[in-house]
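Q: Numbering (my numbering), first residue to last: 752 to 1111.
Where is the CB? At the ideal position from N, CA and C, for every residue including glycine.
Below, the structure written as structure tokens:
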């Protein structure tokens, strides 16, 4: 039997984002008879726990740019067969230094967001450099979570079309449902709605706050997450007199029980790739209400009405307002609504096939 191949996973940090969760799960679930995972964590933020039995090095860099020399040295020393990265800024940094890496190391980058929106968020001088068009062709393979993301990548950087492979996010359904027992739900009548994600412009929680007065008066909204927009969101809740109806609950490692107990997860995002929290909600039997920009169109097509998509404010809020509250959600888990294509075993098998493809 051939020796297992070393696979490096390059992460910007261990913050509580969905992209980092996906990478940690892939690393933890690799077949150890074929692959040896090794985490390279550039920054010091550490909300998420390391998976058991996975080697990890930390750069503790204050910023990704200052951590580049560290991860180049580590990759040159480790000499992995494949290095896998996620999030556009990490991908671009890795691809920029590709000539400095071991020649035998294949590079796989995972696009975690809509690339057109990522480009639009860059400073003007960086956009003019056309980073996707210049750097993404250096990747051996590019992972797109959805066909929409793949199409955007091929449009922005036509040379990468043959390198793109579809691979959705995965959910460890069995573990998640065990973690969600018993469900947690705020007591009282009315809808109980949850939002979850970093408090940034991308996630659109400001839109949810502005629209909340149009929901039934006994509705309650809980938003989980931390981020730079916390003070602005809290100020707007106070200005609208919604302190009794909307709560900023901070980051919670135990989010699953709160998803399970909610009547719905609301995704008011301005752009996404494929949000993990929506897949987790479905695995817990909780429906999802989302904007068209939330990256869930393909999931909606497979879930028979469990994902409802509409433009925000009037249309989406009207759909949510028509939902019937169900206080019995606090008593037991609802049936799994997530298609098997997003289950961990299915996705990890496809990921390992992709690694084999790189090594062929």
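Are any of the Cβ atoms in chain C nearer than 8 Å to that of residue 1018?
A: Chain labels in this structure do not include chain C; a single protein chain is all it has.
Q: Go ahead and pull the three-state DSSP assignment for residue 1093.
A: helix
Q: Using a Cβ-Cβ cutoff of less than 6 Å, which residues in the same chain neighbour residue 1045 once the five nearest sequence positions on both sides are dropped?
A: The residues are 1018, 1020 and 1023.
Q: Is the beta carbon of residue 799 closer than 8 Å to that of residue 927?
A: When the beta-carbon positions are compared, residue 927 and residue 799 stay at least 8 Å from each other.
Q: Expressed to the nearest angstrom, what Euclidean distance is found between the alpha-carbon atoms of residue 891 and residue 1074?
A: The C-alpha of residue 891 lies about 46 Å from the C-alpha of residue 1074.
Q: Measuring alpha carbon to alpha carbon, tell me which of 830, 759, 848 and 816 ends up nearest residue 806.
A: 759
Q: Skipping 5 residues on each side, what residues in its chain have a beta carbon closer than 8 Å to that of residue 1031?
A: 922, 927, 1006, 1007 and 1010
Q: Of the residues 1077, 994, 885 and 766, which one's Cα is nearest the Cα of residue 935?
A: 1077
Q: Whole angstroms are fine: how far does the CA of residue 876 sit from the CA of residue 1096?
A: 42 Å
Q: In angstroms with no decimal places, state the Cα-to-Cα distance between residue 1083 and residue 885.
A: 51 Å
Q: In angstroms, rounded to a whole number, what distance separates the CA positions of residue 929 and residue 848?
A: 42 Å
Q: Roughly how many angstroms lie between the CA atoms of residue 996 and residue 902, to the nearest whole one?
A: 40 Å
Q: My understanding is that residue 883 touches residue 873, with C-beta atoms under 8 Å, so please give their C-beta distance in whole angstroms.
A: Between residue 873 and residue 883 the Cβ distance is about 10 Å, and since that is not below 8 Å, they are no contact.
Q: Taking DSSP's pairing of strands, which residues face residue 1040 in a bridge?
A: 1017 and 1059
Q: With 16 other CB atoms within 10 Å as the buried threshold, where does residue 830 fall?
A: exposed
Q: Which value, in whole angstroms, describes the spacing of the CA atoms of residue 955 and residue 975?
A: 13 Å
Q: Would you call residue 824 buried or exposed, if buried means 16 or more other Cβ atoms sit within 10 Å of its Cβ?
A: exposed
Q: Classify residue 862 as helix, strand or coil using the three-state DSSP reduction.
A: strand
Q: Could you pull the start and end residues of the beta strand (DSSP E) that residue 972 belongs to?
A: 971-975
Q: Applying the criterion that 16 or more other CB atoms from any shown protein chain within 10 Å of the CB defines a buried residue, is residue 765 buried or exposed?
A: buried
Q: Which same chain residues, not among the five before or five after residue 966, have their C-beta less than 6 Å away from its C-beta?
A: 1072
Q: Do you know offhand how far residue 860's Cα is from residue 842's?
A: Residue 860 and residue 842: Cα-Cα distance of roughly 6 Å.
Q: Report the option in 1068, 1040, 1054 and 1050 whose CA atom is closest to the CA atom of residue 1060.
A: 1040
Q: State the Cα-Cα distance for the pair residue 1000 and residue 973, rounded to the nearest angstrom.
A: 7 Å
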